[in-house]
Amino acid sequence: MGNMPFCELCQGQVRDGLDAAIRDMIIRLFELYDLNGDGVISAEEMYKVDLAALAGHMDAVQEEEKQEVRRRVEMKFHQMHGDLTPVHLSMYKAYMDRWLKEMEPSDRNARFLIIEGVLIEARAGRQMVEEERCAALPTLLTSIPQPQTGAEYSPSRKVAGRPLAG
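Residue numbers (our numbering): 79 to 244.
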């Protein structure tokens, strides 16, 4: 009564495990694209990560390659919901599920490998975006006025109108 052969049971567990792993990778992919951490992916965020992943460094990309990346990002957003407004995780997951099933309708292992490759590329792109932000940091810090010291600087020796001791 309701006994399942061991092989079918194992296949079901592997299938469920692959499906869970794919879902987890899609969530991680979403997090990599969500550059500002606001819980949605904008087309601009996806463009920055994809462009950085493509080139390694944004300055090295030819203009026609940039336009191709932008076109692909816009196409993805139109497929997700018809325009370029930011997407939430649920919409992104539904899109990725459809896309993976279109790529490999019957082979979970192949879908796993596809999403794993996409995730690796996105990690590289996100890392490049973060490195560019860090590289810009010294420029930002040097533009902040520094406090004056030395002969040209004489701090007030009063607090709330009263002279400081010392």
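Heads up, the beta-carbon is just placed ideally off N, CA and C, and yes, glycines get one too.
At the C-beta level, I100 and F190 come within 7 Å of one another.
Pairing E146 with A121, the inter-Cα distance amounts to about 14 Å. F108 is a Cβ neighbour of L167, given a cutoff of 7 Å.
Boundaries of the alpha helix (DSSP H) harbouring S168: 167-181, taken from the DSSP string. V118 is bridged by DSSP to H166.
By the Cβ-count criterion, A131 is buried, with 16 or more other Cβ atoms from all chains shown falling within 10 Å of its own Cβ. Between the beta-carbon of Y170 and that of M158 there is about 7 Å, and that keeps the pair under the 8 Å contact cut.
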